[in-house]
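Structure first, then comments.
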Amino acid sequence: MFKKKCLENKPKKKINLLNFNLQKMINFVLQLGEKKFRAIQIMEWIYKKNCIKFENMNNLSNSLQEKLKRKSIIQLPYRINELKSTDGTIKWNFLFDTELIETIYIPEKKRATLCISSQAGCMLNCKFCATGKLGYTRNLLVSEIIGQIWYAINRINQHEKNTYILPSIKNIVMMGMGEPLLNLKNIIIVIDIILHKYGFNFSKNKVTLSTAGLVPAINKIAGKIDVSLAISLHASNDCIRNMIMPINKRYNIKMLLSSVKNYLDKSTANRGIVTIEYVMLLHINDCKNHAKELACLLKNIPCKINLIPWNSIKNSSYKCSSYDRITAFFEYLKKKGFVVTIRKNRGSDIQAACGQLTGTQDYFRKPINIFNS
Numbered sequence: 001m002f003k004k005k006c007l008e009n010k011p012k013k014k015i016n017l018l019n020f021n022l023q024k025m026i027n028f029v030l031q032l033g034e035k036k037f038r039a040i041q042i043m044e045w046i047y048k049k050n051c052i053k054f055e056n057m058n059n060l061s062n063s064l065q066e067k068l069k070r071k072s073i074i075q076l077p078y079r080i081n082e083l084k085s086t087d088g089t090i091k092w093n094f095l096f097d098t099e100l101i102e103t104i105y106i107p108e109k110k111r112a113t114l115c116i117s118s119q120a121g122c123m124l125n126c127k128f129c130a131t132g133k134l135g136y137t138r139n140l141l142v143s144e145i146i147g148q149i150w151y152a153i154n155r156i157n158q159h160e161k162n163t164y165i166l167p168s169i170k171n172i173v174m175m176g177m178g179e180p181l182l183n184l185k186n187i188i189i190v191i192d193i194i195l196h197k198y199g200f201n202f203s204k205n206k207v208t209l210s211t212a213g214l215v216p217a218i219n220k221i222a223g224k225i226d227v228s229l230a231i232s233l234h235a236s237n238d239c240i241r242n243m244i245m246p247i248n249k250r251y252n253i254k255m256l257l258s259s260v261k262n263y264l265d266k267s268t269a270n271r272g273i274v275t276i277e278y279v280m281l282l283h284i285n286d287c288k289n290h291a292k293e294l295a296c297l298l299k300n301i302p303c304k305i306n307l308i309p310w311n312s313i314k315n316s317s318y319k320c321s322s323y324d325r326i327t328a329f330f331e332y333l334k335k336k337g338f339v340v341t342i343r344k345n346r347g348s349d350i351q352a353a354c355g356q357l358t359g360t361q362d363y364f365r366k367p368i369n370i371f372n373s
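Residue 1 is where the sequence shown starts when you use full-length UniProt numbering, and the numbers rise one by one after that.
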């Protein structure tokens, strides 16, 4: 009886409004007894005016502000650390409960890309990836994913008050820690907030969803989500892909490319092409025969091929392909008429490059103030 009473008297946890897209925000304000236009006002305060304090939302009535304070919060992730690479890449470590998550800011001359995480760890165990070696802990909440973006945009926008100017975030890629399509329910809401005019209002051509190849999920989102799609292929045949990416034993290359075609048939993002990610591993997947096989596999797939020099991780026997082998691979695909690029190595000195994210390695390193360095 005492335990039951304690549970009844336990205060209810406040709702984090960063979990809500517009429809969910409308439902919430209606439950508060307010008009639905108030949801648009709240969204605009959060995503257009970068305001997360209810008392500063001055077009909301005092009574609504009090209701919001009683029932909800706007809680950002807690930043543990900030590291800056010699090439300008910035890595943030965020603490969610007891889990450390990493978010990466990659600047170019006039624009920047934000690489966000969708899970704590990853269960796919790709052999060349440090995140895969962590194992899986849990999916991130919508608020934890959206919070990464909100924090990054506002942190970078501080350059308006400083002489150290950083380019604005123009692209968002879901290529950080975890497999986004294993967190599909939350990712659908996240993408809605990123694209919506009352959210971050990004173009669908500037948002990329990356997957290692969950075929049922790709088929499920076809026609429902329309953003750029990137496939972590990394092999030219099933034998190699089975070895380096265990997911291929369940969904082989033929099944994967079939689902990609299905997605592209219903998508207009990124001019209707898919990005094929291909990590270059010395003597594993980088010889001329592999280039020929890859060209054959992709001949009927509208695509851009992104060759990724492998970034070293601890306790791995893999080596990155040599410059000559990568160049030969690139030239063969180019001659076959493919659009192909070689990804620049960014942030490897702070373990922020592709495949290096673990959320733990830099926990005790001294933070760097990006505006004074």
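Glycine included, C-beta positions come from ideal geometry on N, C-alpha and C.
Chain-order list of residues whose beta-carbon lies under 6 Å from that of residue i (same chain, five-residue window excluded)
i, result
"residue 336", "295"
"residue 29", "38, 39"
"residue 68", "54"
"residue 208", "173, 228, 230"
"residue 339", "304"
"residue 75", "16"
"residue 5", "Here residue 5 scores only 49 on pLDDT, less than 50, and its place in the model should not be relied on; the value that follows carries that caveat. Taken in chain order, the list of residues that qualify is empty."
Supposed close pair residue i, residue j - CB separation, criterion 8 Å
i, j, result
"residue 175", "residue 126", "That pair is no contact at about 13 Å."
"residue 230", "residue 210", "4 Å"
"residue 193", "residue 156", "Rounded, the Cβ-Cβ distance is 18 Å, inconsistent with contact."
"residue 118", "residue 19", "Residue 118 to residue 19, Cβ: 15 Å. No contact."
"residue 305", "residue 276", "5 Å"
"residue 416", "residue 198", "The question about residue 416 has no answer here: the residues shown for the chain are numbered 1 through 373."
"residue 186", "residue 141", "6 Å"
"residue 347", "residue 42", "Going by Cβ atoms, the distance from residue 347 to residue 42 rounds to 35 Å, so no, they are not a contact pair."
"residue 232", "residue 212", "5 Å"
"residue 131", "residue 358", "6 Å"
Secondary structure of residue i, DSSP reduced to three states
i, result
"residue 284", "coil"
"residue 129", "coil"
"residue 251", "coil"
"residue 111", "coil"
"residue 278", "strand"
"residue 227", "coil"
"residue 3", "Residue confidence for residue 3 is low, a pLDDT of 48 falling below 50, so the modelled location carries little weight; the figure read from the coordinates is stated next. Helix."
"residue 74", "coil"
"residue 44", "helix"
"residue 343", "coil"
"residue 232", "strand"
"residue 263", "helix"
"residue 144", "helix"
Neighbourhood of residue i by C-beta distance below 8 Å, restricted to the same chain and skipping five residues each side
i, result
"residue 188", "221, 224, 225"
"residue 128", "234, 244, 279, 281, 310, 313, 316, 318, 355"
"residue 344", "none"
Residues near residue i in its chain [Cβ-Cβ closer than 7 Å; skip 5 each side]
i, result
"residue 170", "111, 112, 206"
"residue 215", "251, 255, 256, 259"
"residue 238", "248, 252, 253"
"residue 269", "204, 205, 226, 227, 228"
Element boundaries [beta strand (DSSP E), containing residue i]
i, result
"residue 120", "119-121"
"residue 430", "An answer regarding residue 430 cannot be provided, because it is not within the stretch 1 to 373 covered by the chain."
"residue 93", "90-96"
"residue 209", "207-211"
Bounding residues of the alpha helix (DSSP H) (the contiguous stretch that carries residue i)
i, result
"residue 216", "215-221"
"residue 333", "323-335"
"residue 241", "238-244"
"residue 22", "22-31"
"residue 185", "184-195"
Per DSSP, cross-strand counterpart(s) of residue i
i, result
"residue 67", "DSSP output for residue 67 lists no bridge partner at all."
"residue 312", "Residue 312 pairs with nothing; no bridge assigned."
"residue 320", "281"
"residue 100", "95"
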